[in-house]
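Counting in the numbering used here, the sequence shown runs from 2 upward without gaps.
Don't be surprised by glycine CBs; every beta carbon is placed ideally from N, CA and C.
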Amino acid sequence: MATTDPTYVADALIAQDIDAYLEKHQHKTMLRFITCGSVDDGKSTLIGRLLYDSKMIFEDHLASLEKDSKTSGTQGAEIDFALLVDGLAAEREQGITIDVAYRFFATDKRKFIVADTPGHQQYTRNMVTGASTADLAIILIDARQGVLTQTRRHSYLVHLLGIKNVVLAVNKMDLVGYSQARFDEITANYRQFAQSIGITSFTALPISGLRGDNIVTKSDHMPWYQGPALLTHLEDAPIQTADMASGDFRLPVQWVNRPHLDFRGFAGTIASGQVRPNDVVRVLPSGKTARVKEIVTFNGALAQAVAGQAITLTLDTEIDCSRGDVLVAADAPCEVADQFETTLIWMDEDEMLPGRPYIMQIGTQSVTATLQTPKYEVNVNTLEHLAARTLKLNAIGVCNLSVNKPIVFESYTKLPTLGGFILIDRVSNRTVAAGLIHFALRRAQNIHWQAIEINRDAHAAQKNQKPKLVWFTGLSGSGKSTIANLVEKRLHALGKHSFLLDGDNVRHGLNRDLGFTDADRVENVRRVG
């Protein structure tokens, strides 16, 4: 068993001066990245090795790791670095990753948050969760196995979620004799697949997570490799948030900050662009405009704020603005629409039911969304478009949806904050899907709301009664029709006008094409409604 290295100490500044340590790290940039790939490609081991070699494991954790390696490890007398991130009992028992594990570490140049995502296909939804906030993806490939089905699946998801910085880490090079020919073969095979799904560039590195080759320092075992070590590449990789600062100003309003009668500001995190006092902004979806009076933060007023900063804006005029609205540059507004084409990643055990309303959360906006039958499902392995009437767990498909009121959006490829969304089941509150907006569906321009002169109130006055809708629900044979008939007879005896619509009668006419599956029942209710 490896023993604790006496020279292994974390940043000495922590012990000397905690305030100086915090000040030193406060202004470093933050890179979020994920590790993904097929089962047993070494994702958890790689992260454990990164943490170990960057001196980010404290003595008590290291002692615990050595102890756990004896009972749950897979490396014999050596430390099993995968145990640093495989924290669930089921993960250690099976030797696989199930949940997404997040770990923080830092170097002298940058801070990092890494998400270790599962390789098994049945946990694809967990991988999507980890990738949703990542700036960079490390796709691991076992040098012995090459490109596998789950490698292709994760690569497709990485591209789908808009992660532009991709690292191909060919792992376990020690098990193929550090062969350059094998590395070149795998890189060529992956490049051919990557180009077919839209990944135009990536950085390929030969590594050994277990032995530490090319992880933090260059390896002597592969003198033919002329590129940087993995950690060096991570320190120099561009960050997606930095690119957002050059876009148009977008601020989803999280809440109205009103501590007293003399102050009213609109708080949120800038999704893209930048803002200064005296800039003209527009509130969407209302379209009203105002000038920025002040940019308020906990540390005082700012002369400028950029993407990624949490701020409160005060305006020069009192306008209606609340949570869910979006403040944008007045001369470059977002689109507003209520129907969209989207890509859905289904994440629930229960299959998608077209026609059923779900809660849609996009940025700070919350609306009711109704899904149509999918246009097609994507076979991630072949990229083939398959006919589909629904989407099941881990399925990916293209689907139109409509919402109950117009929302502010951007296409996901342009701005993920206003183009990515989740769907929530209204009964169970489970997150059932993640989605990406492609574009708005345009209505015909010649369709308008027509003014109706004889309205509901006029009809009620003529009948001398207040209109009501009563819907009797219950299991088959529970007496719904019997009770409804008795109620209508009583209303008729009182001289009240009524109309009875029986569910069985509807199925003889309007809904005669529907069966009794869950999807058909949802459509039955939708048509009646």
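For A138, the closest C-alpha among the options Q373, S220, G163 is that of G163.
Taking the Cα of A116 as reference, the smallest distance to any Cα among F473, S45, D109, H155 is reached at S45.
The beta carbons of E385 and A396 sit no closer together than 7 Å. Looking at the DSSP output, R283 bridges to T290, V329. Under the three-state reduction of DSSP, S273 is assigned to strand.
Between the alpha carbons of Y179 and A230 lies a gap of roughly 15 Å. In the three-state reduction of the DSSP assignment, L387 falls in the strand class. Straight through space, the alpha carbons of S403 and K110 are spaced by roughly 46 Å. DSSP places E295 in the strand class (E or B) of the three-state scheme.
In the three-state reduction of the DSSP assignment, S482 falls in the helix class. In the DSSP assignment, Q366 falls within the unbroken beta strand (DSSP E) covering 366-372. Here the alpha carbon of D521 sits roughly 9 Å from the alpha carbon of D514.
DSSP places K44 inside the alpha helix (DSSP H), whose first and last residues are 44-54.
In the three-state DSSP reduction, V217 falls in the coil class, being neither helix nor strand. Taking the CA atoms as reference points, N456 sits about 24 Å from R527. DSSP places G301 in the strand class (E or B) of the three-state scheme.
In this model, N172 and T391 are separated by some 38 Å (Cα to Cα).
With contacts defined by Cβ atoms closer than 7 Å, F422 and I363 form a contacting pair. The region 178-253 is shown to contain whole alpha helix (DSSP H) runs of 4 or more residues at 181-198, 231-237, 241-245, in chain order.
When DSSP states are grouped into helix, strand and coil, A494 belongs to the helix group.
In this structure, the alpha-carbon of I271 lies about 23 Å from that of L161.
Within the same chain, and ignoring the five residues on either side of N401 in sequence, the residues whose Cβ sits closer than 6 Å to its Cβ are E342, Q373. For T108 and T290, the gap between their C-alpha atoms comes out near 44 Å. Non-local beta-carbon contacts of H155 in its own chain, meaning distances under 7 Å to residues more than five positions away in sequence, involve C37, G38, M128, I140 in chain order. When secondary structure is reduced to three states using DSSP, A452 falls in the coil class, being assigned neither helix nor strand. If you draw a straight line from the Cα of H498 to the Cα of K464, it comes to about 7 Å. Only buried fits Q151, as 16 or more other CB atoms lie within 10 angstroms of its CB. In terms of Cβ geometry, F267 and V254 form a close pair [threshold 7 Å]. For Y413, there is no enclosing alpha helix (DSSP H), since its DSSP letter is neither H nor E.
Here Q362 is bridged, per DSSP, to S367, I423. Boundaries of the alpha helix (DSSP H) harbouring V523: 519-529, taken from the DSSP string. L232 and L52 do not touch by the CB rule: their CB atoms are close to 11 Å apart, not below 8 Å. When C-alpha distances from D263 are compared across F105, D280, T315, I48, the shortest belongs to T315. If you check the CB distance, I360 and I425 come in under 7 Å.
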